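Following: one structure in structure tokens, then a few remarks.
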Amino acid sequence: MKFSYKLLKKIYPGVGSKKEITTDLTMGLFEVDDVLSDSLDIKVLPNRFSDAASHYGIARELGALKGKKIVFPKEDLGQDLGDKLKVEIKDKKGCFRYIGVVMEVENSESSPAYIKEVLEDCGLRPINLVVDVMNYAMLLTGQPMHAFDYEKVAKGGRKLAEKEIIVRRAKKGEKIETLDGKKMELGEDVLVIADVDGPLAIAGIKGGKRAEVNEKTKKIIIEAASFNQEVIYKVAKKIGITTDASIRFSHNLSSELASFGMSEAIKILKKEAKGKEGVILDVYPKKEKKKEIIFDLEKFKNFTGIDISLAEISKKLELLGFSARKKSAHILGVTTLVFRNDVENFIDLAEEVVRLYGIYKIEKQPLEKMILSEKEEKIISFKEEAKDILSGLGLDEVYNYSFYGKNVGENFVELANPAAEDKRFLRESLLALLRKNVLDNFRFFSEVKIFEVGKVFSWDKNEILEKTNLGIAVAAKKASVFFKMKGILEEFFRKIGVAEVEFKEEKEELLVLYEGNKIGRVFEENLNGSGEKVSLAEICLDNLSGSAFSLKKFEEIVKYPSVVRDVSFLVDDSIRAEKIFGVLKKEEKGEVKSISLIDFYEGKNLGNKKSMTLRINMQSGKRSLTDEEAGEMVKKIVEVLKSNFRAEIR
Amino acid sequence: MEELEKIEQEIKEALETAKSKEALEKIRIAYLGRSGKLTAILRSLKDFSVEERRKTGAAANKLRTEIEKVLDEKEKKVIGKEGGRGEDITLLVLPKDKVYFGSLHPLTIVGRDIKKIFTSMNFSVAEGPEAETEYYNFDALNIPANHPAREMWDTFWVKSQTDAKDGKNLLMRTHTSPVQIRFMEKHKPPFAIIAPGRVFRYEATDSSHEINFHQVEGLAVDKKISLANLKFVVEEFFSRFFEEKLSFRFRPSYFPFVEPGVEVDIKLPGEEKWLEVMGAGMVHKRVLEGVRIDSEKWQGFAFGMGVERLAMIKYGIPDIRLFYSGDLRFIKQF
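Those sequence lines, one after another, are chains A and B. Just so you know, we're using the UniProt record's numbering here: the first sequence kicks off at 1 and counts up by one. Just so you know, we're using the UniProt record's numbering here: the second sequence kicks off at 1 and counts up by one.
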């Protein structure tokens, strides 16, 4: 929000240079974004619009930071001179206060230079004297003001010859032409300022054309009102109009601000437009009340770690316009400033004291008491351990977006407001973007081995199911790396200590099974448009985290040597290797420690057969195995191969 | 180039047989001396084409460095041997069987650095869902509906399958702060946690803005935790993280879920500019009450910071979008 340095200085001559203001405000109140000649761009925080989105408000804060109390002008709404105006608030939920003042003005042409300058510094365009004074009063006090041309407002009801202002919701089909010439139909939720003929303005947001004030205007109705923050916010959003007034009202302004704004506006109009006020009507059904807040010094010290006396605190609060009364040695009774609708309790007050004291001045202190750490969810450390294993296996880690454009799953989650078409869906799998990573990196690398650990999303009834997945992509130009991928996975599962993971072949891919449940898949495919192949795997880590890295038990190291025998054989091409291993797995028992595949060959010279070589590892925990014993065991396995798969031993 | 390869082969053989200091010195003179063979090649470079010069020059220089290194090593060993104990002179071999350790993403590395520092201060790590309800992301954090304060967080909304009730609307969490609420619902104070994770903002991307990025949230609640403690923990964290003597600036700010709200700026040694690195404050009374923690009895601080931002400052990364590019030329640097 833009502020005028000149106006600040006029209110508080001791305000200091622009540079000083910037430092004072940044360290004690709000950040100053920018300083451009006499215009200061101050970031007014959303909870401080009621008291500090104004030059008086900022001046008060600057004064308080420097130890000077800024005295505000006395409010003076003038006296009733007998002109007739009636105001009716029909919507008491939408409007809390409405002050209407009728005033005759001698001139409404151009504003004096001092007003124009301030408006321009604050980014507002001067229009004519009356309108400019409305804006000027707003800049001074923070209260948005509006003026209607008295003559253009319809007469009141049949019997009355007076003007009548009504605050109500728009009726169905009611229309308005706004000041900038936009015609629109109003919905029934729109709060309007109306006369008997219809809407004159969209309350708190934008004035209407019908009662527009121009240079020729001689008599005006000035409005200073207080509206429900939520109503204005919703309506402004819905009709898509943002104005200075709508922004301010959306932030919840105190109803007390209305009389301050009106008082200042009248004062300036009297002087600059030789205004003569008439009726002053203040409809204010439920006056905002100040309440006393108890401030406890001990609590404050415990909360902030600041060592300060009650007298100092009292002084600081007084600088802000609060009144503080000492109740006991460590208790103050504090009545806040009316505009400060953000201050409701002790902590709100504590914040004010801390701010004026200077957050930067607080002495740091280590925690007095040690807090014992909590037990963490296993997945948190498991993810990191998984990453370490994979990078140890030579894979690089990537991070991709959580969004993508196409989603082939059934239960994909769609965004209502995607950033772009190619980011319309939440990823249901990590693989789509890993593929893209491989393709992109093939421009610079002939081999790409990458992984990502991240969340994937899908609908599960009406809830989003979030899973932590591991995605792996391995690819090398002009080569199939499927077995490298499988090797990576096997080593990964071995390292995390879940031996129960199995691979099952199904339709061109391997399913990864854990305790019989599918936890992932591995497959190879052509990389889109590159003529290259990529091997992809995706594993759900949630299912594994429970049993990964479970406590290991030491096993006695066997003293006796192991015996190794290799067996080569031919089997029918149609027999899947997976099946053979399924059967052999059962033979891995007793002294047969492992049976592994060490060679595999398919070729024309073998016809429709394939050749496999197995390595059988045998060992006893009690003694050295003899050749004969080993031979017996191998023979048994050969028999199994023969009877199950009609294997021919080579 | 062929000449060069020949020389390399010759040297290897010569080195293999050289077993004394004198023999090594002879090799040095024969190849690297003023009229040595390798020196001759380097001298003759000026007669080559630009392309050839570049290629051969680089290779010849590399070879020279290698030989010098091996000669020095051997000399040490030979001296050792002459002192009584010796080993075989090893071969000059350029790395052949290259072993490769993968790179972790810089955000993983920085994330771990952060976790390590906080866990050393007895904070525990908690996580929460990335798709959240409006309640956890906003309402429970005292961010009022229909108030402009909510616009501090531009939100991605999930297209709902059914008509959701108030507060049940689904969205992509805009900060890690909902984890505070989820944690407090299940635990009794005292506790101190950090909650790292991915967050989302519906905004235009540029070199410092992304639609998804990472945050670390912090929360500590006990009976006597004060603003002064917050300052200690924050300063301790950043000083350890950057391993430098930093300047700090704590100034007022506003986040609906804390009061007072604080913005933390740091300045690296020798730099002019203050960098905004963290939002923090004392946990708001209403947030505590919302999770049934008695705010008269318990109090604490909370903070939040962007992981990308810290990584960018630490490593001098100029563009946030690099983190999500999947570009291995970027990742392999870490």
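Idealized CB from N, CA, C, for every residue including glycine. Here the structure is a predicted model, which means the values were calculated and not measured.
In its own chain, which residues sit with a C-beta less than 7 angstroms from the C-beta of R338 of chain A, not counting the 5 before and 5 after it? Within the first sequence, the letter at position 338 stands for residue 338 of chain A. Inspection of the sequence shows that residue 338 of chain A is occupied by Val rather than by Arg. S254, E256, E288 and K290.
Have a look at G173 of chain A and I239 of chain A and give me their C-alpha separation to the nearest angstrom. Residue 173 of chain A sits at position 173 when you count from the first residue of the first sequence. Residue 239 of chain A sits at position 239 when you count from the first residue of the first sequence. Distance from the CA of G173 of chain A to the CA of I239 of chain A, rounded to the nearest whole angstrom, comes to 15 angstroms.
Quick check on Q365 of chain A - is its C-beta less than 7 angstroms from some C-beta in chain B? Locating residue 365 of chain A in the first sequence gives position 365, where the first residue counts as 1. Yes, because at least one Cβ of chain B sits closer than 7 angstroms to the Cβ of Q365 of chain A.
Between B:E68, B:V291, B:V307 and B:E259, which lies nearest to V277 of chain B when the distance is taken from Cα to Cα? Residue mapping note: residue 277 of chain B aligns to position 277 of the second sequence, counting from 1. Nearest in C-alpha terms to V277 of chain B, of all of B:E68, B:V291, B:V307 and B:E259, is B:V307.
Closest by C-alpha distance to A126 of chain B, when choosing among B:H187, B:N229, B:T174 and B:S325: To locate residue 126 of chain B, count along the second sequence from 1; it is residue 126. By alpha-carbon distance to A126 of chain B, the top candidate from B:H187, B:N229, B:T174 and B:S325 is B:H187.
With 16 other Cβ atoms within 10 Å as the buried cut-off, status of G326 of chain B: Against the second sequence, residue 326 of chain B aligns to sequence position 326. A residue is called buried once 16 or more other Cβ atoms fall within 10 Å of its Cβ, and G326 of chain B is buried on that count.
Mind checking whether S247 of chain B and K267 of chain B have CB atoms under 7 angstroms apart? For this step, residue 247 of chain B is matched to residue 247 along the second sequence. For this step, residue 267 of chain B is matched to residue 267 along the second sequence. The criterion of a C-beta distance shorter than 7 angstroms is satisfied by S247 of chain B and K267 of chain B.
Quick check on DSSP: helix, strand or coil for S250 of chain A? Within the first sequence, numbered from 1, the residue matching residue 250 of chain A stands at position 250. In the three-state DSSP reduction, S250 of chain A falls in the helix class (H, G or I).
Secondary structure, beta strand (DSSP E): runs of 3+ residues fully inside the stretch 224-300 of chain B: If we require 3 residues or more, the beta strand (DSSP E) runs fully inside the stretch 224-300 of chain B come out as 247-253, 258-267 and 275-283.
Who are the neighbours of V125 of chain B on chain A, taking C-beta pairs under 7 angstroms? As a first step, residue 125 of chain B must be located in the second sequence, where it is residue number 125. By Cβ distance, chain A contributes E376 and I380.
Taking beta-carbon pairs under 9 angstroms, can you tell me which members of the stretch 314-331 of chain B lie near chain A? Answer set for the stretch 314-331 of chain B: F323, Y324, S325, G326, D327, L328, R329 and I331.
Would you call the CB atoms of A265 of chain A and V133 of chain A closer than 7 angstroms? Walking along the first sequence from the start, residue 265 of chain A turns up at place 265. Walking along the first sequence from the start, residue 133 of chain A turns up at place 133. Going by C-beta atoms, A265 of chain A is nearer than 7 angstroms to V133 of chain A.
Starting from the Cα of A329 of chain A, find the closest Cα among A:V192, A:N302 and A:F295 and give me that residue. In the first sequence, counting from the first residue as 1, residue 329 of chain A sits at position 329. Of the listed residues, the one whose Cα sits closest to A329 of chain A is A:F295.
Looking at the structure shown, is V634 of chain A part of a helix, part of a strand, or coil, going by DSSP? Counting from 1 along the first sequence, the entry for residue 634 of chain A is found at position 634. In the structure shown, V634 of chain A sits in a helix (DSSP, three-state: H, G or I).
Return the residue from the list A:S547, A:I450 and A:A476 that minimises the CA-CA distance to R494 of chain A. Looking up residue 494 of chain A in the first sequence gives position 494. For R494 of chain A, the closest C-alpha among the options A:S547, A:I450 and A:A476 is that of A:S547.
K55 of chain B - partner residues in DSSP beta bridges: Position 55 of the second sequence, counted from the first residue, corresponds to residue 55 of chain B. The partner list for K55 of chain B (beta bridge, DSSP) is empty, contrary to what the question assumes.
G57 of chain A, enclosing alpha helix (DSSP H) - first and last residue: In the first sequence, counting from the first residue as 1, residue 57 of chain A sits at position 57. Taken as a continuous stretch (DSSP letters only), the alpha helix (DSSP H) holding G57 of chain A covers H55 to K66.
Pull the bridge partners of V32 of chain A from the DSSP assignment, please. Within the first sequence, numbered from 1, the residue matching residue 32 of chain A stands at position 32. Looking at the DSSP assignment, V32 of chain A forms a beta bridge with A:I42.
Euclidean distance between Cα positions of F482 of chain A and S535 of chain A: As a working note, residue 482 of chain A is residue 482 in the first sequence. As a working note, residue 535 of chain A is residue 535 in the first sequence. Each residue's alpha carbon lies about 6 angstroms from the other.
Under 6 angstroms from any heavy atom of the ligand GTP, does the C-beta of D51 of chain A make it? The ligand GTP is not part of this structure, which contains no ligands at all.
Between G358 of chain A and Q229 of chain A, what straight-line distance do the alpha-carbon atoms span, to the nearest angstrom? Position 358 of the first sequence, counting from 1, holds the residue named residue 358 of chain A. Position 229 of the first sequence, counting from 1, holds the residue named residue 229 of chain A. Each residue's alpha carbon lies about 31 angstroms from the other.
Indicate the three-state DSSP secondary structure (helix, strand or coil) for M121 of chain B in the structure shown. Reading the second sequence from its first residue, position 121 is the one you call residue 121 of chain B. The answer is coil: DSSP assigns M121 of chain B none of H, G, I, E or B.
Would the stretch 296-310 of chain A count as touching the stretch 96-113 of chain A if we require 3 or more Cβ pairs under 8 angstroms? With the cut-off at 8 angstroms, the stretch 296-310 of chain A and the stretch 96-113 of chain A do not touch.
Per DSSP, which one or two residues make a beta bridge with G333 of chain A? Reading the first sequence from its first residue, position 333 is the one you call residue 333 of chain A. Its beta-bridge partners are A:I294 and A:R325.
With distance defined between alpha-carbon atoms, name the residue in B:E2, B:A220 and B:V216 nearest to G111 of chain B. In the second sequence, residue 111 of chain B corresponds to position 111, counting from 1. Taking G111 of chain B as reference, the option from B:E2, B:A220 and B:V216 with the minimal CA-CA separation is B:V216.
Just mark A137 of chain A as buried or exposed, buried being the case when its beta carbon has 16 or more other beta carbons within 10 Å. The count along the first sequence starts at 1 and reaches residue 137 of chain A at position 137. It is buried - the Cβ of A137 of chain A has at least 16 other Cβ atoms within 10 Å.
Taking the alpha carbon of I379 of chain A as the reference point, which residue from A:L541, A:R623, A:I166 and A:K553 has its own alpha carbon closest? By one-based count along the first sequence, residue 379 of chain A stands at place 379. A check of alpha carbon separations from I379 of chain A across A:L541, A:R623, A:I166 and A:K553 identifies A:L541 as the nearest.
Which residues in chain B sit within 8 angstroms of G16 of chain A, going by Cβ to Cβ distance? Here the question's residue 16 of chain A lines up with position 16 in the first sequence. For G16 of chain A, none of the residues of chain B pass the 8 angstroms Cβ criterion, the least Cβ distance being about 18 angstroms.
Would a C-beta distance cut-off of 7 angstroms place G156 of chain A and K219 of chain A closer than the cut-off? Here residue 156 of chain A is taken as the residue at index 156 of the first sequence, counted from 1. Here residue 219 of chain A is taken as the residue at index 219 of the first sequence, counted from 1. No, the Cβ-Cβ distance between G156 of chain A and K219 of chain A is not below 7 angstroms.
Closer than 9 angstroms, Cβ to Cβ, to anything on chain B: give me those residues from the stretch 104-119 of chain A, in chain order. For the stretch 104-119 of chain A, there are no residues whose beta carbon sits under 9 angstroms from a beta carbon of chain B.
Measure the Cβ-Cβ separation of S620 of chain A and P561 of chain A and say whether it is below 7 angstroms. Within the first sequence, numbered from 1, the residue matching residue 620 of chain A stands at position 620. Within the first sequence, numbered from 1, the residue matching residue 561 of chain A stands at position 561. For the 7 angstroms CB-CB criterion, S620 of chain A and P561 of chain A do not form a contact.
Could you pull the start and end residues of the alpha helix (DSSP H) that I488 of chain A belongs to? Position 488 of the first sequence, counting from 1, holds the residue named residue 488 of chain A. Per DSSP, the unbroken alpha helix (DSSP H) holding I488 of chain A starts and ends at F482 to I496.
Can you check the stretch 592-648 of chain A for any beta strand (DSSP E) of at least 3 residues that lies completely inside it and give the ranges in chain order? Fully enclosed beta strand (DSSP E) runs of 3 or longer: 592-602 and 609-618.
Interface partners of D348 of chain A on chain B, CB under 8 angstroms: In the first sequence, counting from the first residue as 1, residue 348 of chain A sits at position 348. The contacting residues are E259.
So, do the stretch 380-398 of chain A and the stretch 442-460 of chain A have three or more beta carbon pairs nearer to each other than 8 angstroms? Between the stretch 380-398 of chain A and the stretch 442-460 of chain A, the count of C-beta pairs closer than 8 angstroms reaches three or more; the two stretches touch.
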